[in-house]
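**Q** The structure under discussion is supplied below as structure tokens; questions concerning it will follow.
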Amino acid sequence: MPSIKKPLIPLAPLPVNELGLTLRDYEGGMSTLCAGCGHDSITAAITRAFFDLSLPPEKIAKLSGIGCSSKTPTYFVSGAHGFNSVHGRMPPIVTGANAANRSSIYIGISGDGDSLSIGAGHFVHAVRRNVNMVYVIENNGVYGLTKGQFSATADVGSSAKKGAANETPPIDPVIMALSLGATFVARSFSGDKGQLIPIIKAAVEHKGFALIDVISPCIQFNNHEGSTKSYHYVREHEIKEIDQVYIPPSGEITAVLPEDGIVRVKMFDGSTLAFRTLPSNYDPRDREGAMHYVNQARLRGEIPTGLLFIDEDAPDVHELNSTTDTPLVDLPYESLCPGSAELARFMEGFN
Amino acid sequence: MEPTNIEDPNFFHQVVDCQWACPAHTNVPEYIRLIGQGRYADAYMENRKSNVFPGILGRTCDRPCEPACRRGRVDGNPVAICRLKRVAADLKGDVSSMLPKAPLSKNGKKVACIGAGPASLTVANDLLPLGYDVTIFDSSASPGGLMRTNIPSFRLPAEVLDQEIAAIVDMGANMEYSTRIKSLKDLYSKGFDAIFIGSGAPKGKDLILEGREEGRERIHIGIEWLQSVAFGHIQSVGERVLVIGVGNTAMDCCRTARRIGGKDVKVMARRPREFFKASPWELEDAEEEGIEIKVNHAPKEIVLDNGKVIGMRFDILSWNSDATKSEVVDSVVIECDDIILAIGQENAFEWIERDMGMDFDKWGMPVVDDKTMATTLDGVFMGGDAPWGPKNIIWAVAHGHEAAISIDNYCNGIPLSERPETSMDLVSQKMGLTEWSYHNDYNPNNRQKMNHVELTKRFAELSLEVELGFSVEQTVLEVERCLNCDVEPVFKASSCIECDACIDICPVQCLTMTSGDGVLEELRLRLSVPSLNTDQQVYVSNKLAQTGRVMVKDENICVHCGLCAERCPTAAWDMEKFTLNLGYAGQSSKRVAR
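Residue numbers (numbering that gives the first Met the number 0), protein chains in the order written: chain A, 0 to 350; chain B, 0 to 593.
Here it is as structure tokens:
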């Protein structure tokens, strides 16, 4: 951990966003992760995306479970609400929080262990329910906090730091989410903020569950020769065919994009995602096609990154459950708890 | 784009803004750290190496380092470098054992210095330890030149002056006081191996106006008047004094007048305030003492009553925005008893015979090489205010060092163009995983204010020093403001794995990984924060292994906190202390080879 806190240098004038906040206002505490950890880059990307979107810090809720990844919410937006849950239990906590207060912006940060081993059961149901949240998996293929055992995302044939090869097939969170009906599925790389930041912005604006699987090298235990989640390996095998730009609502009027090869997707808040340089016949709304594409790429040893699938019209958890438009926290007590007389009348209906 | 050549000492030297801006290239961050460690004597000696007069300059320097200081670009106020220099000088204790000494046996070469001001004294300081026999001539009875006669003692106490001059003179210089050199030809024939002219710009400019001649008894030339006050020939002045001109000499005149009888002292300036020549702090000090500074007043005539000065008439001017054009809008008479003219100084070379072979330009100024300080006359060198008019003490010192190198070369038959090599050391400051040999945290302290003697006490005694110097508490706070610009983040591209950790942690976003294609001007615009200060350099690395991009560092705003190096998993970044090894007289490689 660094010897000093990142100093606040009063360089005038720092750029401010629409709320009058600076990038530094979206930072959190100093990271205690290892120097060079991919997670810190993801933290920086989230900080930048939230600053650019001018999200009010008090409207943000950041939640996590256990693991190196789950430490990261501490390192961004110190003014946000936070909840550090039991291992793997972040998705139900978000689901509950979302049910109580649908007006907040939820970001859950998890890891490959937290989401795909101990928390896999919770993860799949959050996807099914289309909980309105950004779900980031900081995927390094290794249990860093317990000194480098293979995780559920380690590829067959990839080797641990001491040389042992993994023989158990990996879980691919992208395929898993697609098969469960996820409405926003992306993959990115911690070492490529140019791609990661627009994806995070789009995920925030997506109505429903937005999964971002971010390959995030473990500098200590999974950045060696033989690893398939190292900086070097990902840079060699990353296929960034599915490129996209995020266009905020205010930019819509002036942004003129050529029609050729561009697919535009209208987001929940009126902003737009523009896909370009797509592989032939790739349709980001075609779930089957996306699954096929990702599977084929994996067989070729490629790591496709970008926003792989989006369904902007699917009902989210609130529509599925016909909840009230007013966040529960804002409803008067009398409406939330109408009293025993009303309960008795309600029970009468079942007789 | 070509990667930056950090082997060239000039690259990191320019990053150390203060040292680059200082004419004598004093190693400012190093002595500030020494002060911070309470090593005042070491700090003093580090200073003395390059600027020779830390105690004097710690009070009087024009401080070219401070406007250049990076801290000024960070929080608006540079480190109080000059004041810290004085702290080292005030608290150094006995440094006699550390001062340079002259060898017992001389080298047989004789050098004459004309004028005992800072330029000549620096020449003597550099040549005496090499065994030269140095003789200094001065028309005055005591050494120091304009440092003694023109800087009032309430700004520069005589003891400070005496002590620092003695450190040089006591090495064994032959002092010929009260000896005005009236003929260079005469001196030239006396068998000196080399002559250095450090005679300054001793002639105050006059202002020829109607009434000037009749009123001469109460109209004074600034520097002559200051000199007369310094030597006690003048002990009083009228109650109402007008000082004409608004340079630093004018400030010394008005503040001196305030101390010897002036009650209503006004400084009369032709131009608006932002075009004044005086340093801002000297203007503030004068105003604190109740001196009124009037702008846009152009002297017109002296108003006399029966041959006695009773006032001065001024045209009131209205200037355009850049003060290049003016028109007279009014006229006013301001009453006064004395008028002091402080409108500039000139050089006087009537004692140099024009048939000796020394070239003068069309303005009557000698032709002097600004690198070697050589005149066109063989073996005669010149520096300080003499060749190019009034500058500052620190320039005279810089000239003195160069002239000493040239004289040493000249006396050893080495071409003047062969300057001693300037080299650099670059040494890692790593002490542990995240531990450095310097204090790397950014300290948000504000610049400390100098404490002054109370206004009421100030005028009781002419020589009572106004500035009290920093207290130890103030010193402790001020040294921490220094950003250690000499401890450089140095990048090794072959170790980088492009993890972004340095870029993410940098508190000023001065790092970028980007394509190394294109030209510098275009590259500057696509950095994390566009690099708009083109006075500052950009550090471009070799190509990175994984993506072929380059690491780019904008040197403008780096605060040298070392976080990039602390967060680097492969130690591609390291914090390394840059030390500039300046060459001085006697260090020429050719000379050593003999």
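Just so it is clear, CB atoms sit at the ideal spot from N, CA and C, and this is done for glycine as well.
Being a predicted model, the structure only gives us computed values, none of them experimental.
1) Any idea what DSSP makes of B/V294, helix, strand or coil?
2) Mapping the DSSP letters down to three states, classify B/C112 as helix, strand or coil.
3) Is B/Y538 helix, strand or coil by DSSP?
4) Between the segment 127-138 of chain A and the segment 203-211 of chain A, do three or more beta carbon pairs fall short of 8 Å?
5) Leaving out five residues on either side along the sequence, give the residues of the same chain with a beta carbon under 6 Å from the beta carbon of A/L342.
6) Based on the DSSP output, what are the partners of B/M512 in its beta bridges?
7) Within the 9 Å Cβ cut-off, does B/T569 reach chain A?
8) Use the C-beta contact count for A/F345: other C-beta atoms within 10 angstroms, 16 or more gives buried, fewer gives exposed.
9) Kindly list, in the order they appear in chain B, the residues whose Cβ is closer than 9 Å to that of A/Y230.
10) Which residue marks the beginning of the alpha helix (DSSP H) containing B/W362, and which one marks its end?
11) DSSP beta-bridge partners for B/Y441?
12) Compare the Cα-Cα distances from A/H223 to each of A/G140, A/L330, A/P90 and A/D24 and report the closest residue.
13) Would you say B/Y437 faces chain A, with C-beta separation under 9 Å as the test?
14) For A/Q148, list the residues DSSP reports as bridge partners.
15) Counting only beta-carbon separations shorter than 9 Å, does A/N222 have a partner in chain B?
16) Nearest by alpha-carbon distance to B/I315: which of B/D263, B/N4 and B/V331 is it?
17) Assign B/N346 to one of two classes, buried (16 or more other C-beta atoms within 10 Å of its C-beta) or exposed (fewer than that).
18) Can you give the Cα-Cα distance for B/S182 and B/R82, rounded to whole angstroms?
19) I think B/D192 touches B/K109, with their Cβ atoms under 8 Å apart; what is that distance to the nearest whole Å?
20) Are any of the Cβ atoms in chain B nearer than 9 Å to that of A/K160?
21) So, with DSSP's three-state summary, where would you put B/R154?
22) Compare the C-alpha of A/S187 against each of A/S334, A/P216 and A/I104 and name the closest.
23) Quick one, are the C-beta atoms of B/D607 and B/K576 less than 9 Å apart?
24) To which residues of the same chain is B/M0 closer than 8 Å at the C-beta, ignoring the five residues directly before and after it?
25) What residue does the beta strand (DSSP E) around B/F577 start on, and which one ends it?
26) Taking DSSP as the reference, what is the three-state secondary structure of B/P279?
27) Please determine whether the Cβ atom of B/S119 lies at a distance below 8 Å from any heavy atom of the ligand SAH.
28) With 7 Å as the limit, tell me which residues of the segment 506-539 of chain B have their beta carbon closer than that to any beta carbon of chain A; keep them in chain order.
29) By the criterion of Cβ-Cβ separation under 9 Å, what are the contact partners of A/S40 in chain B?
30) Alpha carbon to alpha carbon, how far is B/K204 from B/I222?
31) As a quick exercise: from A/S226, A/A119 and A/L330, pick the residue whose alpha carbon is nearest that of A/G162.
32) Could you tell me which residues DSSP pairs with B/D314 in its beta bridges?
33) Provide the residue(s) that pair with A/S187 in DSSP beta bridges, ordered along the chain.
34) Is the shortest distance between the beta-carbon of B/T248 and the beta-carbons of chain A less than 9 Å?
35) Taking the alpha carbon of B/G310 as the reference point, which residue from B/E334, B/N319, B/W318 and B/V328 has its own alpha carbon closest?
36) Return the chain-ordered ranges of every alpha helix (DSSP H) run that is complete within the segment 33-110 of chain A and spans a minimum of 4 residues.
**A** Here's the rundown:
1) Taken through DSSP and simplified to helix, strand or coil, B/V294 comes out as coil.
2) Here DSSP, grouped into helix, strand and coil, assigns B/C112 to strand.
3) DSSP places B/Y538 in the strand class (E or B) of the three-state scheme.
4) Contact between the segment 127-138 of chain A and the segment 203-211 of chain A is present, because at least three Cβ pairs lie under 8 Å.
5) Once the five neighbours on either side are set aside, A/L342 has no close Cβ partner at all.
6) DSSP lists B/M550 as the bridge partner or partners of B/M512.
7) Answer yes: the Cβ-Cβ gap between B/T569 and chain A drops below 9 Å somewhere.
8) By the neighbour-count criterion, in which 16 or more other beta carbons inside 10 Å mark a residue as buried, A/F345 falls on the exposed side.
9) Those are I496, E497, C498 and Q545, listed as they occur along chain B.
10) Here B/W362 belongs to no alpha helix (DSSP H), and DSSP marks it neither H nor E.
11) For B/Y441, which the question treats as bridged, DSSP gives no partner whatsoever.
12) When the alpha-carbon of A/H223 is set against those of A/G140, A/L330, A/P90 and A/D24, the nearest one is in A/G140.
13) Chain A, which has no Cβ nearer than 9 Å to the Cβ of B/Y437, makes this no.
14) Listed as beta-bridge partners of A/Q148 by DSSP are A/Y142.
15) Chain B contact via Cβ: present.
16) Minimum Cα distance to B/I315 is reached at B/V331.
17) Taking all protein chains in view, the Cβ of B/N346 is crowded by 16 or more other Cβ atoms within 10 Å, so the residue is classified as buried.
18) Here the C-alpha atom of B/S182 lies approximately 41 Å from the C-alpha atom of B/R82.
19) That belief holds up - the Cβ atoms of B/D192 and B/K109 are roughly 5 Å apart, short of 8 Å.
20) Not an interface residue.
21) Coil at B/R154, not helix or strand.
22) When each option's Cα is compared against that of A/S187, the closest is A/P216.
23) What is shown of chain B runs 0 to 593, which leaves residue 607 of chain B out entirely.
24) Closer than 8 Å at the Cβ level, and outside the excluded window around B/M0, lie G515, D516, G517, V518, L519, L522, V539 and V549.
25) Membership of B/F577 in the beta strand (DSSP E) is indicated by the continuous run W572 to N580.
26) The answer is helix: DSSP assigns B/P279 an H, G or I state.
27) Absent from the structure shown: the ligand SAH. Ligands present: none.
28) Hits within the stretch, in order: P506 and V507.
29) The answer, in chain order, is C498, D499, A500, I502 and D503.
30) Cα-Cα distance, rounded: 9 Å.
31) Among A/S226, A/A119 and A/L330, the Cα nearest to that of A/G162 belongs to A/S226.
32) B/D314 is bridged to B/A297 and B/S330.
33) Paired residue(s): A/V213.
34) Chain A contact via Cβ: absent.
35) Per the Cα distances, B/E334.
36) With a minimum length of 4 residues, the continuous alpha helix (DSSP H) runs that stay inside the segment 33-110 of chain A are 37-51, 67-70 and 89-99.
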